[in-house]
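Novice:
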Amino acid sequence: MDEVKCFIPKSLDEALRIRKEFHAKPLAGGSDLMVSYYKGIGIAPVFPFPVMIISNLSDELGTIRKEDDGVHIGALSTPNEIASSMVVPYPVRKAASLMGAPSLRNTATIGGNIGNASPKGDLPQPLILLDAEVVLRSVDGERRMKVDDFILGSKKTALADDEIITGIVIPEVKATHYFYHKIGMRRANAISKLSLSALFDVEDGVVVDFRASSGAAGPKVRRSRDAEEILIGLKLDEVSGKTGEFLSAWNSILSPHAMPEYRRASTRRMLLGFIEEVASGALPGNYE
Amino acid sequence: MARISIDDDVRRNDAIEKASGLARYASDYFFPDMLYARMLRSKAPRGKIRKIQTPVLPYGYYFISAKDIPENGRNALHMISEDWRCFADGDVRYVGETIGLFVGPERSVLESLERNTYVEIEEEEPAISIDDAINVKGGPILEKDDVFCQLYCQKGRDMDEVFGEADKIIEETFETGFQEHVHLETNGAVITKEGEKYVLYISCQCPFYVRKSISIVIGAKDEDIVVRQSTTGGAFGGKEHFPDVLAGPLLVAEYVIGKPIKLIFDRREDMLYSVKRHPSKIWYKSAIKDGKLTGVKGKIYYNAGAYLSSSYVVLQRGVFHANGVYDIPSTYLEGFGMATNTFPSCAFRGFGAPQTLFAIEMHLTHIARRIGVDPVEFKRSMFLKKGSETVTNGHIVENVVLGSMLDDIATASDYWRKSREYGYGSGRGIGMSFYNHGGAFTGNGEQAIIKAHARLKKTGERVTIEVGSTEMGQGFQTTLRKIAAAVLEIPMENVDYPNPDTSVVPDSGPTAASRSTMIVGRLIERCAVEMKERWGEGDFSVEKEYEHPDGHPWDQSTFRGDAYLGYGWGACCVELEVDKRTNEVKVVGIWSSHDIGKAIDEKIVHGQINGGIIQSLGYASMEKMENKNGHFRQESMSDYVIPTSMDFPKQEYFLEDNPYEWGPFGAKGMGELVFNGADAAYVDALERALGVETFKIPLPSEDIEEALRKNGR
Amino acid sequence: MDAEIRFTLNGKSVIFIGNPLRRLVDVLREDFGMLGVKEGCGEGECGACSVIKDGKLVTSCIIPVGSVDGSEIMTIEGLREKEEGKCLIDAFADGGAVQCGFCIPGMVLASYVLLRSNPHPTEDEIRLAISGNICRCTGYDLIVESIMLAAKRGEELWTK
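Residue numbers (this note's numbering), protein chains in the order written: chain A, 964 to 1251; chain B, 24 to 736; chain C, 146 to 305.
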């Protein structure tokens, strides 16, 4: 059997060099790669590509802190760390707190969840709502791009073969009302059937900002800025009159194949419920 | 150390060992020079095998298949009949059928050998569903059709007359799905040789079943094979006959190779390639006159899969429970076990009873709603009682206390108020169900087929229990030790009950059918009574054989008489709320009451009740196993989900003290009973919350959407 | 490609030399004889293979041994020797939490992690803490009660 290359870099610089030279794929928590390539009890996984175990780089890649341009979350931050950090905006915290089992929330990483680009991934959805950026580094430098642009489709990303995801930056977002809801196959420790985030920023009775993003609904997270525009700028008492228009515009971005009736109808009912609640003067806060 | 009395609160004898990680399950056995095995299985549901081409086998590796069965052996596993083959030969009948076994030292090499083996199958059109089998899709699987087995039973008047007099006739069809056992320990076994004997360490419920089933494969005598049960990490029926399917091929491999060989399924294999609960399709037609149910006609179809295994017996139990706990004046019930090209269905806690009990509960709930009475009131008026005629023209022999059980849970749950106040379709609902379970083997099985033996052995002050009955988590090693110790009036610590070894213990029958406490417990009680009288005699053994209580006539050829020696009885209430945006269901209360005669150990019984009810709620709500073209679509614990600690709330339970004449200390069977009814209580509550009728389980949120849509909501 | 991985296993320094991609569960069971670590699902879903890594509960079936370099690993074999472990195991036995037992070593480890950080958990907090440890036998009620019993009995153990 072919021997597969596996590296265990001691620093980020070393990891970047290995990435450049061998295009080794980072292996952090293992919840994706180790499961995908599982072949049975007592059998070491065999990857058809070189890998590098980077879970020990959390000193460099595992911090969460607030800076001028937003909240920086290191790529190796785990869902438990994200869920318990009050600097992280509500929908991301909430999504992190509902990922898998407690043990998975100790080992999975935000970098892995984004790099994996699974349509069922929990974190990309609220990150895309918040226009978060992914930080990509190679030996030649660093670049940033929107998570929404980075994830190209199911299991497809814009990651270059010499780059590593080093972190996420969530820009400051003003919002008075947040919504997050995940529907899993059971009440805990569940893969997402469907998830939805939305936010309103209401100032002096006017909708200054409104966004909605839907996960596990197709090959990638869906947002429609055109549909969101329908509600932005309205006075709260005008929102009800435009909700129907928004919902049909929203509905049209969801592909019917990827979105069976149940998911489409639930998404619609959740959005409608949240919009009506805010329009009728609900207090600022977090809704689910 | 104190002498024990039966009502004492005791620790399970296996708890510390298991919690400390010291218990040895099949995968924990290692032997020098041990080899591993990996199955090569059919990827097609039906077809002719044209070619099997394995890669060149490295030195020390073997491929074992039907060709390796010796001349005096038979390619069959002797379960109840001999139809399930040890290895597919010439054709395949379901996806996952064993074609061969790769054996060798490195598991990664075995995996690669399996993956790179080319099996050419000329595929034929399979029959997958019950409807496919009824329509004989793809041509008959059996000689002339796809009916493995059928039976009927009749009680009361001619059904045409009953329907002729009715002022309302209601017809409904219900469907239930596959259910996977998901015992946390997957199936596994290790085989080795000790002298001329073949020795199996195996995770199983029935060591003697394994021995009988596989000895014919190599033409050996039963005594040439020694089966030692390894600590078994859950079974629920999934390890009643299915371990034979691992043990048969392993025995052939051992016959050829002669070294220790280990075969442990990983979870994916255990999900995709193990037996399941029979899916069912159940049609009822009911006659109502003056607000009373006067007759029920039923047709019951179970999907048996590709081989019969235990399906005929499962079907009988299904038919004999198809009237629920109700004295319906006239019934005509027919059952059909259908052959399909799915993985064979087999035993699963409840053994055919849960499907019909669910269907009759829902059918009666619907009838009550349509005639405008509370379903619980309607059902209460028809409860079976002592002396009532059963659907097999036998009689209920015990006092039935369902009325007071109902009252207990109705009071605890505040059922009557909630039932009145929660509007139909309001998003909140409360539901109740009633059920029973016939104890021990159906019909004359205990007397004619099993003839159980049990033995107590005294050595100094210590006593050893020698039976073939197994501990699989249900607490039997503790229950039986408690019975022996309580009769002998000695400390429980002085009673040993090791995992059975077929070369040492007598055959006390399979650990199945909720028979262990009732039948084997009774045998040990009888042994202990004699041992106590002779205690001063030094070291000696007492062995007893099963004695059938008088007054239980049964004719196996016509299925008439007392189908069971006695029943356990149950009532369950479930309250829930539905999120109308997402159809997510939150159960907020679970109350149950059970009559099991007498609880030998209340803590063990408490755990059985909790676990059985949660398993039943999983069956009703989330456990969806689909089969497409013969392939199960759920292959892991993330896509076939079972309840976590957060899915259902803490339960409240009641036990009726209603001693049973022929059970030890008055105890009856209970392991399956507690699975038999929570599903219907849940769906009753759900229908009330949603305001629609439903006709199938499981009902995950997307299926609720479909039910709402069909009802125009 | 062999790697040399040094870690602490139940308080002892150990060295693993071999393929760093081998799963921790296989290495613990087959190289170090820690048979109390059970494999239930192979994908981090059921919790039977739970171990404690640097104080946190993890599932050893999805972790490559290469990722535990420098870590402290505790399995049930280590915990059962500690006072806290004995307290939990006794409480599980007395509370009727153990049926088939296959999930229980992982469940005990999950309980230990919970009580270390929260000595007086509510029922909901206990249910959350064990929500990744699947049990098919008990319906969980008696496990939850046993953890409460351990919290009560072990008072000073959990607050020290």
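Glycine included, every Cβ here is placed at the ideal spot set by N, Cα and C.
Give a yes or no on contact between the stretch 165–175 of chain C and the stretch 713–721 of chain B, applying the rule of three or more CB pairs nearer than 8 Å.
Specialist: Touching, no, given that fewer than three Cβ pairs across the two stretches are closer than 8 Å.
Novice: Apart from the five residues just before and just after Gly271/B, which ones in its own chain have a Cβ nearer than 6 Å to its Cβ?
Specialist: Locating residue 271/B in the second sequence gives position 248, where the first residue counts as 1. The answer, listed in chain order, is Leu100, Cys109, Ile237, Val240.
Novice: Excluding sequence positions up to five away, which residues of its chain have a Cβ less than 7 Å from the Cβ of Gly83/B?
Specialist: On the second sequence, residue 83/B is found 60 positions in, with the first residue counted as 1. These residues qualify, in order along the chain: Gly127, Pro128.
Novice: Run through the DSSP bridge pairs and tell me what Leu678/B is partnered with.
Specialist: Sequence index remark: in the second sequence, residue 678/B carries index 655 (1-based). Looking at the DSSP assignment, Leu678/B forms a beta bridge with His617/B.
Novice: For Arg116/B, which residues does DSSP report across the bridge?
Specialist: Here residue 116/B corresponds to residue number 93 of the second sequence, with the count starting at 1. Its beta-bridge partners do not exist; DSSP assigns none.
Novice: Let me make sure I understand the geometry here. Which of Ala1212/A, Glu1191/A, Tyr1143/A, Tyr1225/A has the alpha-carbon closest to that of Asn1249/A?
Specialist: If you number the first sequence from 1, residue 1249/A lands on position 286. Among Ala1212/A, Glu1191/A, Tyr1143/A, Tyr1225/A, the Cα nearest to that of Asn1249/A is on Tyr1143/A.
Novice: Can you pull the DSSP bridge partners for Gly1155/A?
Specialist: Within the first sequence, the letter at position 192 stands for residue 1155/A. Sequence inspection shows Ser at residue 1155/A; the Gly mentioned does not correspond to that position. In DSSP, Ser1155/A forms a bridge with Gly1147/A.
Novice: Compare the C-alpha of Pro283/B against each of Trp685/B, Asp247/B, Ala60/B, Gly694/B and name the closest.
Specialist: Here residue 283/B corresponds to residue number 260 of the second sequence, with the count starting at 1. The option with the nearest alpha carbon to Pro283/B is Ala60/B.
Novice: Can you pull the chain B residues whose beta carbon is under 8 Å from the beta carbon of Leu287/C, in chain order?
Specialist: Against the third sequence, residue 287/C aligns to sequence position 142. Going along chain B in sequence order, the residues near Leu287/C (Cβ under 8 Å) are Lys626, His629, Gly630, Asn633.
Novice: Can you name, in chain order, every residue of its own chain whose Cβ lies under 7 Å from the Cβ of Gly240/C, other than the five neighbours on each side?
Specialist: To locate residue 240/C, count along the third sequence from 1; it is residue 95. So the qualifying residues of the chain are Leu287, Glu290, Ser291, Leu294.
Novice: How about Ile287/B: is its C-beta nearer than 9 Å to some C-beta of chain A?
Specialist: Within the second sequence, numbered from 1, the residue matching residue 287/B stands at position 264. True, the Cβ-Cβ gap to chain A drops below 9 Å.
Novice: Considering Tyr257/C, what are the terminal residues of the alpha helix (DSSP H) in which it resides?
Specialist: Numbered from its first residue, the third sequence carries residue 257/C at position 112. Tyr257/C -> alpha helix (DSSP H) spans 249–262.
Novice: Rounding to the nearest angstrom, what Cα-Cα distance links Val159/B and Glu146/B in this structure?
Specialist: As a working mapping, residue 159/B is identified with position 136 in the second sequence. As a working mapping, residue 146/B is identified with position 123 in the second sequence. The alpha-carbon atoms of Val159/B and Glu146/B are separated by roughly 17 Å.
Novice: Output needed for Gly211/C: all residues of its chain with C-beta closer than 8 Å, excluding positions within five of it in sequence on either side, in chain order.
Specialist: Position 66 of the third sequence, counting from 1, holds the residue named residue 211/C. So the list reads Ala148, Ile150, Pro165, Leu166, once near-sequence residues are dropped.
Novice: With distances taken from CA atoms, which of Thr581/B, Arg711/B, Tyr663/B, His617/B is nearest Glu600/B?
Specialist: Within the second sequence, residue 600/B is the residue found at index 577, counting from 1. The shortest C-alpha separation from Glu600/B is found at Arg711/B.
Novice: Could you tell me which of Gly341/B, Gly635/B, Tyr705/B sits nearest to Gln244/C, measuring between CA atoms?
Specialist: Here the question's residue 244/C lines up with position 99 in the third sequence. Answer by Cα proximity: Gly635/B.
Novice: So, with DSSP's three-state summary, where would you put Cys596/B?
Specialist: For the purposes of this step, residue 596/B is taken as the residue at position 573 of the second sequence. Strand at Cys596/B.
Novice: Kindly indicate if chain C contains any beta-carbon less than 9 Å away from that of Asp51/B.
Specialist: The sequence position of residue 51/B within the second sequence is 28, counting from 1. So yes, Asp51/B belongs to the interface.
Novice: Using the C-alpha atoms, what's the distance from Asp171/C back to Glu166/B?
Specialist: Stepping through the second sequence from its first residue, residue 166/B is reached at position 143. Stepping through the third sequence from its first residue, residue 171/C is reached at position 26. Roughly 48 Å between the two C-alpha positions.
Novice: For Ser661/B, go through chain C and note every residue whose CB falls closer than 7 Å to its CB, in chain order.
Specialist: Numbered from 1 along the second sequence, position 638 holds the residue referred to as residue 661/B. Residues of chain C passing the Cβ test: Glu188, Glu190.
Novice: Hey, Tyr590/B and Gly462/B are a contact pair by Cβ (cut 8 Å); roughly how many whole angstroms apart?
Specialist: Here the question's residue 590/B lines up with position 567 in the second sequence. Here the question's residue 462/B lines up with position 439 in the second sequence. Confirmed, about 6 Å.
Novice: Check whether the Cβ atoms of Asn422/B and Leu696/B sit closer than 9 Å, and answer yes or no.
Specialist: As a working note, residue 422/B is residue 399 in the second sequence. As a working note, residue 696/B is residue 673 in the second sequence. Contact flag unset, no.
Novice: Can you say whether Phe152/C is buried or exposed, counting buried as having 16 or more other CB atoms within 10 angstroms of its CB?
Specialist: By one-based count along the third sequence, residue 152/C stands at place 7. Result: buried.
Novice: Taking Cβ-Cβ distances below 7 Å as the criterion, which residues of the stretch 645–676 of chain B are in contact with chain A?
Specialist: Answer in chain order: Met645, Ser661, Val664, Pro666, Thr667, Met669, Asp670.
Novice: In the DSSP output, which residue or residues are listed as bridge partners for Ala477/B?
Specialist: Residue numbering aside, residue 477/B sits at position 454 when the second sequence is read from its first letter. Lys567/B.
Novice: With DSSP collapsed to three states, give me the class of Gly1244/A.
Specialist: The residue you call residue 1244/A lines up with position 281 of the first sequence. Here Gly1244/A sits in coil by DSSP.
Novice: Could you tell me which chain C residues have their CB closer than 7 Å to the CB of Val205/B, listed as they occur along the chain?
Specialist: Residue numbering aside, residue 205/B sits at position 182 when the second sequence is read from its first letter. Simply Arg281.
Novice: Using only alpha-carbon positions, find the residue among Ala1046/A, Ala1038/A, Lys988/A, Asn1069/A that is nearest to Asp1022/A.
Specialist: Sequence index remark: in the first sequence, residue 1022/A carries index 59 (1-based). Nearest of Ala1046/A, Ala1038/A, Lys988/A, Asn1069/A to Asp1022/A, Cα basis: Ala1038/A.
Novice: Answer yes or no: do Ala243/B and Ile225/B have a C-beta to C-beta separation smaller than 9 Å?
Specialist: Taking the first residue of the second sequence as 1, we reach residue 243/B at position 220. Taking the first residue of the second sequence as 1, we reach residue 225/B at position 202. Going by C-beta atoms, Ala243/B is not nearer than 9 Å to Ile225/B.
Novice: Can you pull the chain B neighbours of Pro1223/A, defined as C-beta to C-beta under 9 Å?
Specialist: Mapped onto the first sequence, residue 1223/A falls at position 260. Chain B residues near Pro1223/A: Glu725, Glu728.
Novice: Would a check of beta-carbon distances place Glu134/B closer than 9 Å to chain A?
Specialist: As a first step, residue 134/B must be located in the second sequence, where it is residue number 111. Cβ-Cβ to chain A under 9 Å: yes for Glu134/B.
Novice: Taking 9 Å as the CB-CB limit, is Glu270/C close to chain B?
Specialist: Residue mapping note: residue 270/C aligns to position 125 of the third sequence, counting from 1. Closer than 9 Å: no.
Novice: Would you report the Cα separation of Pro352/B and Ile87/B, rounded to the nearest angstrom?
Specialist: As a working mapping, residue 352/B is identified with position 329 in the second sequence. As a working mapping, residue 87/B is identified with position 64 in the second sequence. Distance between the alpha carbons of Pro352/B and Ile87/B is about 57 Å.
Novice: Which residues of chain C have a Cβ atom closer than 9 Å to the Cβ of Tyr1001/A, listed in chain order?
Specialist: Locating residue 1001/A in the first sequence gives position 38, where the first residue counts as 1. Neighbours of Tyr1001/A on chain C, chain order: Arg168, Gly187, Glu188, Cys206, Ile207.
Novice: With distance defined between alpha-carbon atoms, name the residue in Lys1109/A, Gly1130/A, Val1132/A, Ile1131/A nearest to Ala1121/A.
Specialist: Here residue 1121/A refers to the residue found at position 158 when the first sequence is read from its first residue. The option with the nearest alpha carbon to Ala1121/A is Lys1109/A.
Novice: Does the distance from the C-beta atom of Gln177/B to that of Phe371/B stay below 9 Å?
Specialist: By 1-based counting over the second sequence, the position of residue 177/B is 154. By 1-based counting over the second sequence, the position of residue 371/B is 348. In this structure, Phe371/B does not lie closer than 9 Å to Gln177/B by Cβ.
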